[in-house]
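At position 600 of the sequence shown the residue is numbered 600 (the UniProt record's numbering), and the sequence of numbers has no breaks.
Backbone N, C-alpha and C fix where the C-beta goes; we use that ideal spot for every residue, glycine too.
Quick notes on the structure that follows.
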Amino acid sequence: MPSFIDTFWSDDLQSGLDVLFSRLYHGCDQCDLYIQMFASRMQYEVGYGKQLAGIRTNIDGLDTVMHSNSTEDPNTGDKSDESHSDNKKGRWEPTTVVALSGMLDQMVVEGKQHIMIASNIETMVLQPFSKWCTEHRERVKFSESLLSKNVKNFKKSRIYVKKLENDYFSKCRALEDFKNENFNDEELAAAMRALKIQKKYISDREKEKDNQIFIKLNTLELDHKSTREIIIALLKDLPKSEFRVPLINYTLNNTNSGREITDFLKTALSIKDLDEAEAFGQELLNLGFIKYCNGVGTTFVNSKKFQYQWKPYAYKYARLSYSDGSNNVLSSSLTKDFENNVSTYLQDMTTKISQRAVSNETNGSPNVNEKERIFFKLLKEMEDADNKYYKEAFKMDSLRCSVEELVIDHLSFMEKCESDRLKAIKKATLDFCSTMGNKITSLKLSSEKLLDFEDSIDPSADMLALLTNYHTGVFHPRAITYNNYYNPGSFQNFGIDLETRCRLDKKVVPLIISAVLTYMDSVYPDMINDKIRTLTWISPVKLNSTHQLRSLLNKRQFSDEKEILELLKVNDVEASTVASIVKLYLLELPQPLIPKDLSEVLSELYIQFPLDMDKSGDNENCDNELQVDENKHKRITGLFTILSSLSKTHLATLDSIATHFHRLIMILKMGDNKEDIASTFTDSISQEFASCIIQASTVEDNDLGYKIFYDLLTNKEHIFSNLKRQGSKKDLKSHSK
């Protein structure tokens with residue numbers, strides 16, 4: 001049966017989750033209906049039971065009839081029941097009176113039984129089931145809230161990265177346009193030489209500046225390099241706090257009190273003299289590293305009451321990224337206007353300072369004309385945009401992996417919750433029927449019918465219907481790639497077009513695929529038995545473990561398989577995790593091994609010539625056996641004919657994967673239980689790689705992928721020998737032309 005993990009995915013993540021949670025809330029509402037039914041029946045039982053228990057009071061003249069034979073003592077006024085004494089003497093009493101009394105007694109007893117049923121419904125069914133349903137709804141709400149929040153943040157981050165990408169490409173185009181309009185090849189080469197000279201000049205100036213005395217106290221002299229190290233320690237190691245500005249309700253981040261700064265300086269610099277530590281704090285204020293939060297003036301005060309905020313210049317000087325906690329929401333329009341005005345002012349000042357710094361750097365360097373100065377400025381803007389986009393793209397891809405892991409964890413959790421809900425309804429219904437049937441024999445027929453309805457509840461069937469009718473898509477991760485303007489695909493391995501990746505690897509099969517398959521070949525002999533070898537490929541692996549290995553393999557550019565094999569051995573990665581990286585790599589390809597246009601043609605092929613899954617080989621009808629063989633021949637011929645239109649890299653990658661598993665299947669056939677293990681593994685591995693070789697969006701697509709991969713494994717030599725023969729003919733034709 002399908003699972004939630006492979007059912008409720010969509011390109012934007014949110015729409016698939018919306019469908020899932022709408023059905024889960026529908027299930028919660030369904031539970032509420034059961035609760036209403038149980039509660040209504042309980043109320044009716046209570047009402048009916050009370051009416052039966054008090055039936056004597058509703059019959060007029062009953063006491064007169066029942067006590068018609070009683071006499072009253074004239075002296076005491078007491079009544080004696082003669083019927084009772086007469087009965088002792090054998091006197092006859094009307095049967096109608098006896099029957100009436102007996103029937104009333106039984107009705108009272110029946111009323112008590114109904115009240116007991118109501119009590120049992122409340123204690124055994126209604127209270128525990130209501131409590132469970134409330135907790136279940138809370139679990140669903142929690143998962144929905146958490147996933148929606150993370151997916152929403154992911155979307156915002158994705159938009160931000162897209163903006164950075166557009167900005168980077170815009171800078172690249174501006175740079176290229178300026179180069180083409182103002183430089184020929186010789187001038188461009190001269191400009192690049194001048195750029196190298198200028199960079200060396202700036203680097204030398206920075207080194208010279210690092211050794212210059214920057215802060216001079218009584219007994220302490222610090223150059224720029226030492227000062228920068230102290231500022232880095234203050235920014236990274238000294239815990240920061242928030243300070244709320246009175247009246248305007250504005251929060252300042254990255255703040256410390258004067259006492260905190262002084263104490264940290266005494267410890268970090270091993271200063272025994274408090275005055276010297278305070279003097280250093282004064283220098284921090286004078287040099288613009290900190291500013292007052294709750295005071296005015298130019299004097300640093302060593303006090304808990306005086307708060308100072310670290311300015312962006314301190315982060316820039318320390319060469320650290322500035323974090324200002326910009327996610328805080330201001331509570332009034334006044335503070336928003338205040339923030340906007342301050343931000344605009346700071347941006348203007350920063351622009352002027354940076355322009356002045358660039359001007360000073362370029363003016364001081366030799367042989368830089370106006371065109372080259374503009375060129376260097378555009379080049380630096382492009383490099384800055386590139387660096388920012390590069391960092392955020394990989395950060396975004398890491399965030400995507402985390403979100404996918406979170407979604408998978410909650411999908412698995414919600415599947416268990418939904419299964420428990422269906423089982424809880426079935427149990428509550430059974431308990432309800434038991435409370436009805438155990439007390440009153442006359443209700444046996446009704447109870448049996450209720451039990452029939454309870455027996456008709458099938459949690460597995462309901463779960464299958466949910467997965468089938470509300471399927472939104474299978475798990476198909478969309479890698480966030482860093483698109484370098486000049487060298488696309490050169491900075492990561494996953495999520496890159498197969499043609500591009502193979503061209504950069506200088507191979508027809510991606511290095512990661514070939515290296516992982518080679519690694520698996522090397523670890524097979526160390527495994528205990530064939531069962532372990534097969535489970536390595538088909539047992540589930542936590543997505544987090546696969547993503548950790550992906551992170552190790554993604555950003556590093558490998559020159560050969562040995563580097564990848566060495567990395568796998570050094571990190572001692574489990575074989576099942578290494579195997580899972582092949583599946584993840586194929587899933588993250590922007591275009592699958594078998595493109596959608598070919599998979600549509602293959603779908604028609606398998607409809608016309610279906611795959612015969614009868615492995616017994618026992619066909620009573622000889623003509624039918626011949627028909628099956630003929631269908632298989634036509635299907636296999638059509639398969640390699642269609643696959644021959646694939647590119648060389650796609651075919652080679654498909655061939656290497658099929659060859660690896662075909663070889664493993666041959667090894668399995670040589671072991672114990674031979675054919676059974678090999679046949680089971682062929683079936684299981686075809687299921688595993690069904691969605692890896694084609695882009696599956698429905699159950700039918702996944703079934704098609706299974707059939708294709710199954711045929712590739714069971715007819716591997718015939719299919720790929722024909723594909724290689726056709727490829728050789730194409731090469732000869734191209735050479736002859």
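To the nearest whole angstrom, what separates the beta carbons of residue i and residue j, a pair I think is in contact under 8 Å?
i	j	result
Ser143	His410	5 Å
Leu593	Ala658	About 10 Å separates the two Cβ atoms, so there is no contact after all.
Ile121	Glu45	7 Å
Phe178	Phe491	Not quite, the Cβ-Cβ distance comes to about 25 Å (not below 8 Å), so this is no contact.
Lys648	Val508	6 Å
Lys316	Phe289	Going by Cβ atoms, the distance from Lys316 to Phe289 rounds to 10 Å, so no, they are not a contact pair.
Leu467	Pro2	5 Å
Ala268	Ala314	With a Cβ gap of about 15 Å, Ala268 and Ala314 do not count as contacting.
Glu405	Leu584	The Cβ separation is near 12 Å, so there is no contact.
Arg501	Gly489	6 Å
Leu104	Ile55	6 Å
Ser656	Ser514	6 Å
His114	Leu52	7 Å
Ser257	Ile5	Between Ile5 and Ser257 the Cβ distance is about 50 Å, and since that is not below 8 Å, they are no contact.
Leu723	Ser644	6 Å
For residue i, which residues from the same chain have a beta carbon less than 6 Å from its beta carbon, with the 5 sequence-adjacent residues on both sides left out?
i	result
Leu567	none
Val573	Leu549
Thr536	Ala575, Ser576, Ala579
Ile694	Pro592, Ile594, Ser599, Gly705
Helix, strand or coil for residue i? Go by DSSP, reduced to three states.
i	result
Trp537	helix
Asn328	Confidence at Asn328 is low in this model, with a pLDDT of 36, below 50, so the placement of that residue is unreliable and no value is reported for it.
Leu238	coil
Lys200	helix
Asn254	strand
Lys171	helix
Gln282	helix
Tyr390	helix
Arg557	In the sequence as presented, Arg is not what sits at residue 557; that position holds Gln. Correct three-state label for Gln557: coil.
Tyr308	strand
Lys291	strand
Ile594	coil
Gly297	coil
Ile480	coil
Phe8	strand
Ile230	helix
Gly638	helix
Gly473	strand
Ile59	coil
Starting from residue i, trace the beta strand (DSSP E) both ways and give me its first and last residue.
i	result
Asp223	221–223
Arg244	241–245
Thr680	It is not in any beta strand (DSSP E) - Thr680 instead sits in the alpha helix (DSSP H) that spans 674–688.
Gln695	Premise fails: Gln695 is in no beta strand (DSSP E) and is neither H nor E.
In chain order, what residues of the same chain have a beta carbon less than 7 Å from the beta carbon of residue i, not counting five sequence neighbours either side?
i	result
Phe183	Ala191
Trp132	Ala424
Phe432	Phe38, Ile121, Val125
Thr577	Val541, Ser545, Thr546, Leu549
Tyr292	Tyr308
Gln355	Note that Gln355 has pLDDT 45, beneath the 50 cutoff, so the model's placement of it is unreliable and no number is given.
Leu238	Asn256, Glu260, Phe264
Arg23	Leu466, Tyr470
Val516	Val578, Ile581, Val582
How about residue i: is its Cβ closer than 8 Å to a heavy atom in the ligand HEM?
i	result
Phe4	Although the ligand HEM was asked about, the structure shown includes no ligands whatsoever.
Between which residues of its own chain and residue i is the CB-CB distance below 8 Å, once the five residues before and five after are set aside?
i	result
Leu553	Asn493, Phe494, Ile512, Ile564, Leu567, Ile581
Thr262	Leu274, Ala277, Glu278, Gly281, Asn302
Tyr706	Ser686, Gln687, Ala690
Gln43	Ala118
Determine the extent of the alpha helix (DSSP H) in which residue i is found, giving its start and end residues.
i	result
Gln43	14–53
Tyr524	It is not in any alpha helix (DSSP H) - Tyr524 carries neither H nor E in the DSSP assignment.
Tyr585	575–587
Ile271	Taken as a continuous stretch (DSSP letters only), Ile271 belongs to no alpha helix (DSSP H), as it is neither H nor E.
Ser460	459–469
Met670	Here Met670 belongs to no alpha helix (DSSP H), and DSSP marks it neither H nor E.
Could you tell me whether any Cβ in chain B is nearer than 9 Å to the Cβ of residue i?
i	result
Met527	Absent here is chain B; the protein component of the structure consists of one chain.
Practice task
Go through the stretch 129–163 residue by residue and report every complete run of the beta strand (DSSP E) that reaches 3 residues or more, in order.
Solution key: none
Practice task
Scan the stretch 485–516 and note each continuous alpha helix (DSSP H) run of 4 residues or more that stays entirely inside, going in chain order.
Solution key: 498–505
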